[in-house]
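Colleague:
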Amino acid sequence: MNTLSHLAVGTEQQDRFSRRLADALFRIRYQLIGAILFGVVAPVILRGQFERLPDQIASYDNSLFGTLCAVLIGYMVFRKVTVLPGSNAFTSITPAFLSSYGIIIAIFFILRLDYSRAQFLVSFVLTTCWFIALSYYVARFREANLGLVSSQKLKELASIPGVSWVNFASPEAASKQRHLPLVVNLRDPKLGPEWERYLAEEAIAGRVIYNTKQIVESLEGRVRVEHLSENSFGHLAPDSIYAPAKRYIDAVTAAVALVLLSPLFLIVAAWIKLDSPGPVIFRQERMGYRGKTFTMFKLRSMTVRAPDAGDERKLDMTQNDDQRITRSGRFIRKTRIDELPQLWNIFIGEMSWIGPRPETLSLSSWYEEEIPFYRYRHIVRPGITGWAQVKQGHVTSVDDVRRKLEYDFYYVKHFSVWTDVFIGIQTVRVMFTGLGAK
1 MNTLSHLAVG
11 TEQQDRFSRR
21 LADALFRIRY
31 QLIGAILFGV
41 VAPVILRGQF
51 ERLPDQIASY
61 DNSLFGTLCA
71 VLIGYMVFRK
81 VTVLPGSNAF
91 TSITPAFLSS
101 YGIIIAIFFI
111 LRLDYSRAQF
121 LVSFVLTTCW
131 FIALSYYVAR
141 FREANLGLVS
151 SQKLKELASI
161 PGVSWVNFAS
171 PEAASKQRHL
181 PLVVNLRDPK
191 LGPEWERYLA
201 EEAIAGRVIY
211 NTKQIVESLE
221 GRVRVEHLSE
231 NSFGHLAPDS
241 IYAPAKRYID
251 AVTAAVALVL
261 LSPLFLIVAA
271 WIKLDSPGPV
281 IFRQERMGYR
291 GKTFTMFKLR
301 SMTVRAPDAG
311 DERKLDMTQN
321 DDQRITRSGR
331 FIRKTRIDEL
341 PQLWNIFIGE
351 MSWIGPRPET
361 LSLSSWYEEE
371 IPFYRYRHIV
381 RPGITGWAQV
391 KQGHVTSVDD
401 VRRKLEYDFY
411 YVKHFSVWTD
421 VFIGIQTVRV
431 MFTGLGAK
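Each residue of the sequence shown is one higher than the one before, starting from 1 at the first, in UniProt numbering.
1) Find out if the Cβ-Cβ distance for the pair ALA251, GLY147 is shorter than 9 Å.
2) Between which residues of its own chain and SER116 is the CB-CB distance below 7 Å, once the five residues before and five after are set aside?
3) Give the range of the beta strand (DSSP E) segment to which GLY298 is assigned.
4) What residue from PRO277, MET76, GLY355 has the CA that sits closest to GLN342's CA?
5) Using DSSP bridges, identify the partner residues of VAL163.
6) Excluding the 5 residues preceding and the 5 following TYR210 in the sequence, name in chain order all residues of the same chain whose CB lies nearer than 6 Å to its CB.
7) Could you tell me the distance, in whole angstroms, from the CA atom of ILE107 to the CA atom of TYR101?
8) Identify, in the order they occur along the chain, each residue of the same chain with its Cβ nearer than 6 Å to the Cβ of VAL417, setting aside the five sequence neighbours on each side.
9) Can you tell me whether LEU4 is buried or exposed? The criterion is at least 16 other CB atoms within 10 Å of its CB, across all chains shown.
10) Would you report the Cα separation of ARG197 and CYS69, rounded to the nearest angstrom?
11) Measuring only the C-alpha atoms, how far is GLY221 from ALA270?
12) Is it true that the segment 270-290 meets the segment 375-388, where meeting means three or more beta-carbon pairs spaced less than 8 Å apart?
13) Shortest alpha-carbon distance to ASP114 belongs to which of VAL122, LEU121, ILE105?
14) Out of ARG19, THR293, ILE249, which has the shortest C-alpha to C-alpha gap to SER364?
15) Grab me the residues of VAL81's own chain with a C-beta within less than 8 Å of its C-beta, minus the 5 sequence neighbours each way, in chain order.
16) Per the DSSP calculation, VAL183 is bridged to which residue(s)?
17) TYR136 to ARG27, Cα distance in whole Å?
18) So for SER328, helix, strand or coil by DSSP?
19) What is the DSSP secondary structure of PHE168, counted as helix, strand or coil?
20) For a test of the three-state rule: what should DSSP assign to GLU369, helix, strand or coil?
21) Assuming SER99 and VAL40 form a contact by the criterion Cβ under 8 Å, report the distance between their Cβ atoms to the nearest whole angstrom.
22) Considering only residues of the same chain and omitting the five flanking positions on each side of PRO181, which have a CB-CB separation below 6 Å?
23) Per the DSSP calculation, PHE282 is bridged to which residue(s)?
24) Can you name, in chain order, every residue of its own chain whose Cβ lies under 6 Å from the Cβ of SER232, other than the five neighbours on each side?
25) Expressed to the nearest angstrom, what Euclidean distance is found between the alpha-carbon atoms of PHE432 and PRO358?
26) Taking only three categories from DSSP, how would you classify THR335?
27) Between which residues of its own chain and PHE141 is the CB-CB distance below 6 Å, once the five residues before and five after are set aside?
28) Taking DSSP's pairing of strands, which residues face MET351 in a bridge?
29) Going by beta-carbon coordinates alone, are ASN345 and PHE282 separated by less than 9 Å?
30) First and last residue of the beta strand (DSSP E) that includes ILE379?
31) Can you tell me whether THR303 is helix, strand or coil according to DSSP?
32) What does DSSP give as the partner residue(s) for THR360 in the beta ladder?
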């Protein structure tokens, strides 16, 4: 028994140490210290072991400065992307640092600056390995702790994974754990003046205080559909300096993609033609930006249906194991290759790379009848992929559509370049795993 007790105590102490270490590694300064040591200092030391100091000291200086800039830029992108709800640090690390190192190398190439490719490669590998190991350790041993002012939603909030809730029945109880951020329903009529005075004082003192609705929205990545109001969405139009820039980025990248992917398009088109009778391109009227209809193009993945095949709304909604999907169609739908022709829709401004998926006219009319404020999702351009696609996948019922709409509203509310970067990273994962494909 004594041996077992000692083992239990030792395990508990190790767990406590692991949690404290995970909390420390979650802090920005320790993450940056490790990144600079592994990504900047270590490559210089390793280079010095295998290479004598050259006559051109500028190569050392440029490589040292370049790797430092790449580490800092990559870390900024990594922090911005992984702060989003549902973000997976492991799928965000490599793309974040690939982009930052690529930017620095491109600048060096344009300016014709000397640098060591080996030093950059070692820096990239060590930096990504550091953040992958760090993210794994933090995810394993660290859990977000939040203080809940009211217990009314404790059962609902307890179902959210990755969060530990501490319920405070009084301001005195909350004062004993001032390190915890507070979550409170600021519109709760039962809150009382005592709590209101305490929350005001804590906010002045610098304590982080969240509204229950906003924190749930952040953790779930959805905006609950209750009623449309400026209080829920802020300004009803997502006026961002990113919005006009995104249109030009879409047009340029779509043009480049059309040229580069044309050989793949021709190969898949031949496969579709040989696999089943009918046209290669599927055309369909969809509801688009600002409620205007447009013709969306896809590679055909289903058999051609007769004009009087049945209820148009049901036919527009693809079911699990839909018998209309062809052999080639299953592959191109799973990998999202069927969306390739929509590059033309992006180029001419009818769509974007990222945004709410455009629905058919029959389904759009049906959803508008069933769900209030459905048309609000048309305030941004529809996309090939979107927040709802990477969070939820395919939908087959009105209840699924309501949840999908909540994801779409979240995207509109948090419309930014960082949201698009995260969705793009997640879309690559979906393409390889086939998640949500039907």
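C-beta atoms are modelled at their ideal positions from N, C-alpha and C, and glycine is treated no differently.
Modeller: Reading it off the structure:
1) Between ALA251 and GLY147, the CB-CB gap reaches or exceeds 9 Å.
2) Excluding residues within five positions, the ones whose Cβ falls inside 7 Å are ARG47, SER59, SER63.
3) With the sequence shown as reference, residue 298 is identified as Lys, and Gly is not the correct amino acid for it. LYS298 -> beta strand (DSSP E) spans 293-299.
4) For GLN342, the closest C-alpha among the options PRO277, MET76, GLY355 is that of GLY355.
5) Looking at the DSSP assignment, VAL163 forms a beta bridge with ALA144.
6) Counting only Cβ-Cβ distances below 6 Å, and skipping sequence neighbours, we find VAL183.
7) Cα to Cα, the separation comes out at about 10 Å.
8) Taken in chain order, the residues that qualify are TYR242.
9) The pLDDT assigned to LEU4 is 45, lower than 50, so where the model puts this residue is not dependable, and the model offers no usable value.
10) Cα to Cα, ARG197 sits roughly 46 Å from CYS69.
11) Cα to Cα, GLY221 sits roughly 40 Å from ALA270.
12) Contact between the segment 270-290 and the segment 375-388 is present, because at least three Cβ pairs lie under 8 Å.
13) Of all alpha-carbon atoms in VAL122, LEU121, ILE105, the one lying nearest the alpha-carbon of ASP114 is that of ILE105.
14) The candidate whose alpha carbon is nearest that of SER364 is THR293.
15) SER87, SER92, ALA96, TRP418, VAL421, PHE422, ILE425, listed in sequence order.
16) Per DSSP, LEU148, TYR210.
17) Computed Cα separation, rounded: 15 Å.
18) Under the three-state reduction of DSSP, SER328 is assigned to helix.
19) Secondary structure of PHE168 (DSSP, three-state): coil.
20) For GLU369, the secondary structure class from DSSP, reduced to helix, strand or coil, is helix.
21) With a Cβ gap of about 18 Å, SER99 and VAL40 do not count as contacting.
22) The answer, listed in chain order, is LEU146, VAL208.
23) Note: PHE282 sits in a beta bridge opposite LYS298.
24) With a pLDDT of 49 at SER232, under the threshold of 50, the modelled position of this residue cannot be trusted, and the question is left open.
25) Cα to Cα, the separation comes out at about 23 Å.
26) Note: THR335 maps to coil in three-state DSSP.
27) Residues of the same chain with a CB within less than 6 Å of the CB of PHE141, apart from the 5 flanking positions on each side, are SER18, ARG19, ALA22 in chain order.
28) When DSSP reads this structure, MET351 sits in no beta bridge, so it has no partner.
29) By the CB criterion at 9 Å, ASN345 and PHE282 fall outside the cutoff.
30) Taken as a continuous stretch (DSSP letters only), ILE379 belongs to no beta strand (DSSP E), as it is neither H nor E.
31) Coil at THR303, not helix or strand.
32) Note: THR360 is bridge-paired with ARG286 in the DSSP secondary-structure output.
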